[in-house]
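Structural data, given as structure tokens:
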């Protein structure tokens, strides 16, 4: 399987997840979007040493994954892209920041180690939240929700159309890649003699295709206005969900829940 | 009624693609438009839909095709593209079917009803909420026909409706076409399909009409077909 | 170069959202004024091609590694800066949402780092002036040379700007302990090499388009190429490209890695590389403990959407940590319970 086919599978898998049924899937797309954005912002805002304060933020995505029935492992598969980068930046912290911040038994833990772990946890949490949004909301609903909050129509339409043609173009390139490698065994990538023509051919063909696509839009009465699918309405339960979630974020943000829980046990 | 009156067309700085062409198609007729590659079949479609402008007069129900009444004309004509991926640009089949009616100011309830009706008729309910990039080639072609039907056109134009389909899906498409009561204009190299679906055939060569008549007459004329890069339909060659 | 949410502070992320949003707003109003309705589908299809095209591995001659093409420069050469910018935003948004390549809140920063420079700087300061200049002469092969030069220059410069912004944004966010200068010293050279490769690939693709359908390229038409005799000497072009690529590739084999992303490479590759030179920047003014950094941090604290929870500094932090650790373990326990409960209810539902 080549890279493009893998990407297609991933894309297809996300679509499948998004049309399942669960309380989370049934929610209003706008409410979910808002909640995800606030969640990520709160996670980002934690102090770089505040590992114990950040940990309770894990509870929200964990709860939501259970509610939605989305397997967490599919999300962790995506971590392979995010984590190396975050870890790479984080790995420098133990080197530059060696001041001991706390002792576990006799072992001193430096501030750098704590800030590194905090950074990694942040990376995981942010990904979990944004993955959850996309995995429980069909993409056209996200677009409709964006339109509802007066996101520019041109950008939303572009997003919708591109999303549709990403699949088509990726598939075409997947076939082209296979065809190339069948005639060029042993080559890992595209040889320099085909650098221009390989993508260039597709580019030219797709420009014609765009023309035909535009004709097809015109023939069905397109006059620079797109109609979006109706999204699930904002219900009372969405309001409750929003308020509870935000309240939870606020508590975790302003009260160190881990420490509080620990204190009950330790004392 | 669709009529071409002395229509000519040439792309910029090129040979004429359509030369002084005239024909008339009555309501309810099913016409097969055949000819070699590059004969001008697709250009005829484009002219009719107002996607390109040529010389001469093109009439749809006594309305002339020109820039001012494109929207009226296009509402009357449904065009099924050869490449369904280019036709279906919305994420799901349902949204694609809604696109046309909503643009023509049909209310959402009415359009919804229409979509369900058509999906039932074509036995496609299972595709309704499927993503366009996840359905098979045959399903895509049927869905493309459904999106066009959702606009309730008076005439349907089809460009190679059976290309790249397996025999089973081809048969489904043919049966669907046969059941449509609208005026039909179909271009194809699949002469067996034309034989099955059309009563009249117009044979084009180098931008001009070479023959225009009953399907069985033209499609059984071996010499005429071979002179135009085609062969007798299988169903006829076996008998003869 | 895709940044993750975790690498940014909310204030920095928001600032970058505002900046990219403003650029997008300008682009949208420009495109609206142009009123070319056919442009939208073209933008969508071109964006889809770039999205897919970025997955192609191009073999770099003389090395075992592979390069990728640069979307911003290519899209603005085809669609112009405004449409190119919007198309790039969409590419980045889809990469972010479906492939977790770059974070949702970091999207503003990513659009700025990768799309803004590539489209606006790349087009207005590099592509357009060079194409319209009289460099190399007035015939068609001269124009091709100008396309090659502007593609390479465009990619190199815009990538340098992008890499600089990544360093700046991360440092301002106070995420890394890596001194600003050292970070910069890691990022800029590696992105110089990447920029060269991306430039060559982009040049090759644009030359192909130029040979086949020159009218598709921006500004090329105005130079009056239609009157020039079309001479398809792709071979010659590729010859030049190959030689340049070989030279660059030889130098690049020093950096050779199968890793497609220079940011990761730059950061992984040099834990003890001894980057003390700071790229000529002096530590006092630009280092992490410099006034600039401190000032930025204080600004950031004041402007952050939710004021920072005042975590006690290191000494007092140690005092309360025991309960912190125990509590964290308890939280993990609660999380596990939620998972078990969820699994239990789902099973029950399936049975019933």
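Chains as they are written, first to last, in our numbering: chain W, 10 to 276; chain F, 994 to 1233; chain C, 22 to 373.
No residue lacks a Cβ here, since even glycine has one placed at the ideal position from N, Cα and C.
Chain-ordered, the chain W residues with CB closer than 9 Å to the CB of residue 1085 of chain F read 147, 149 and 238.
Beta-carbon to beta-carbon, residue 1075 of chain F and residue 1140 of chain F are separated by about 14 Å, too far to satisfy the 8 Å threshold.
Apart from sequence neighbours up to five positions away, the residues of its chain that approach residue 78 of chain W with a beta-carbon distance below 6 Å are 31, ordered along the chain. Assignment of residue 1057 of chain F by DSSP, reduced to helix, strand and coil, places it in the strand class. Using beta-carbon distances, residue 28 of chain W counts as an interface residue toward chain F, with a partner under 8 Å. Rounded to the nearest whole angstrom, the CA to CA distance from residue 1125 of chain F to residue 347 of chain C is 51 Å. Among the residues of chain F, those whose CB is under 9 Å from the CB of residue 224 of chain W are 1039, 1042, 1044, 1072, 1074 and 1079, following chain order. For the pair of segments examined, the stretch 187-204 of chain W was found not to touch the stretch 45-62 of chain C: the number of CB pairs separated by less than 8 Å stays below three. When secondary structure is reduced to three states using DSSP, residue 1189 of chain F falls in the helix class. Less than 8 Å divides the Cβ of residue 119 of chain C from the Cβ of residue 23 of chain W. Residues of the stretch 1127-1159 of chain F whose Cβ lies closer than 7 Å to any Cβ of chain W, in chain order: 1127 and 1144. Taken in chain order, the unbroken stretches of alpha helix (DSSP H) that lie wholly in the stretch 40-92 of chain W and span 4 residues or more are 60-63 and 68-77. When 7 Å is used as the limit between beta carbons, residue 191 of chain C is near these residues of chain W: 98, in chain order. Interface criterion met: the Cβ of residue 61 of chain W is under 8 Å from a Cβ in chain C. Linking residue 46 of chain W to residue 124 of chain C through their CA atoms gives a straight-line distance of about 11 Å.
Residue nearest to residue 67 of chain W within the set W:236, W:129, W:111 and W:166 is W:129 (criterion: CA-CA distance).
Per DSSP, residue 1107 of chain F has no beta-bridge partner at all.
Within the same chain, 84, 87, 88 and 91 come within 8 Å of residue 136 of chain W by CB-CB distance, once the 5 residues on both sides are set aside. At the C-beta level, residue 1069 of chain F and residue 1148 of chain F come within 8 Å of one another. When DSSP reads this structure, residue 997 of chain F sits in a beta bridge with F:1016 and F:1051. DSSP, read as helix, strand or coil, puts residue 231 of chain W in coil.
Taking a 10 Å sphere around the C-beta of residue 1168 of chain F, we find fewer than 16 other C-beta atoms and assign the residue as exposed.
When secondary structure is reduced to three states using DSSP, residue 251 of chain W falls in the helix class. Among the residues of chain F, those whose CB is under 7 Å from the CB of residue 231 of chain W are 1096, following chain order. From the listed residues W:214, W:248, W:225 and W:222, the smallest Cα separation to residue 234 of chain C is found for W:214.
Relative to the Cα of residue 133 of chain C, the nearest Cα in the group C:211, C:182, C:65 and C:209 belongs to C:182. Rounded to the nearest whole angstrom, the CA to CA distance from residue 270 of chain W to residue 351 of chain C is 7 Å. Within the stretch 93-152 of chain C, the complete alpha helix (DSSP H) segments of 4 residues or longer fall at 102-120 and 128-131, listed in chain order. For the C-beta of residue 24 of chain W, the chain F residues within less than 7 Å are, from N- to C-terminus, 1124 and 1127.
Fully contained in the stretch 1192-1220 of chain F are the following beta strand (DSSP E) runs of length 3 or more, in chain order: 1193-1198 and 1201-1207.
The secondary-structure analysis by DSSP pairs residue 1148 of chain F across a beta bridge with F:1070 and F:1176. At a cut-off of 8 Å between beta carbons, residue 154 of chain W makes no contact with chain C.
Contact check for residue 36 of chain C against residue 201 of chain W fails: the beta carbons are separated by 8 Å or more.
Contacts between residue 165 of chain W and chain F, judged by CB atoms closer than 7 Å, are missing: the closest CB pair is about 12 Å apart. Chain-order list of chain W residues neighbouring residue 1088 of chain F: 149 and 238, by C-beta distance under 7 Å. Residues of chain C with a Cβ closer than 7 Å to the Cβ of residue 40 of chain W do not exist; the shortest Cβ-Cβ separation is about 16 Å.
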